[in-house]
Each structure stands twice: as C-alpha cells, then as structure tokens.
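Novice: Could you have a look at this structure, given as structure tokens, before my questions?
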Amino acid sequence: MLQIEPLAVQVLKAEELVRVEKFLPFFLPRQHRDHTIDRRHDSARHSLSP
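All letters in the sequence shown, in the order written, are residues 667 to 716 by this note's numbering.
Dropping the structure here:
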C-alpha cells in the first residue's frame with residue numbers, strides 16, 4: 667500500500683461552530699459542532715508499506 671505523509675503541516679485558521687437545538691423546554695439541548703480548518707502543507711514523503 668502506498669502511503670503519502672506531509673513533512674510539515676501548518677494550520678492557518680481553525681474554527682468551530684456550535685449550534686444548540688432545543689426541542690421542548692424539558693428536554694436536554696443537543697449541540698451540533700461543525701469544524702473548518704485551513705491548512706498548508708509542505709512537500710510530501712512517499713512510503714511503501716507491505
């Protein structure tokens with residue numbers, strides 16, 4: 667199997683959006699989480715696994 671791994675990864679921007687949803691006042695609220703990540707990677711190293 668061919669596996670490609672970046673040598674260096676730099677996170678430029680990371681955000682988490684949390685939305686709270688309530689169905690009825692006596693139920694526990696549910697949280698929905700969305701993540702976005704802007705990144706830059708330098709070069710790549712290729713390795714071959716058996």
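Cβ coordinates follow ideal geometry from the N, Cα and C atoms, glycine included. Values in this document were obtained by computation on a predicted structure and should not be read as measured data.
1) With C-beta atoms as the reference, is Arg705 less than 8 Å away from Val684?
2) Can you give me the Cβ contacts of Glu687 inside the same chain, cut-off strictly under 6 Å, excluding the 5 residues immediately before and after it?
3) Kindly indicate which residue of Leu673, Asp708 and Glu681 has the alpha-carbon position closest to the one of Asp700.
4) Using the Cα positions of His698 and His707, report the straight-line distance between them to the nearest angstrom.
5) Which runs of the alpha helix (DSSP H) spanning at least 4 residues fall entirely within the region 668-716, listed in chain order?
Specialist: By the coordinates alone:
1) Cβ distance not < 8 Å, so Arg705 and Val684 don't count as in contact.
2) Result list for Glu687: Arg696, in chain order.
3) Comparing Cα positions, the closest option is Glu681.
4) Answer to the nearest angstrom: the Cα atoms are 29 Å apart.
5) None, since the region 668-716 contains no complete alpha helix (DSSP H) of that length.
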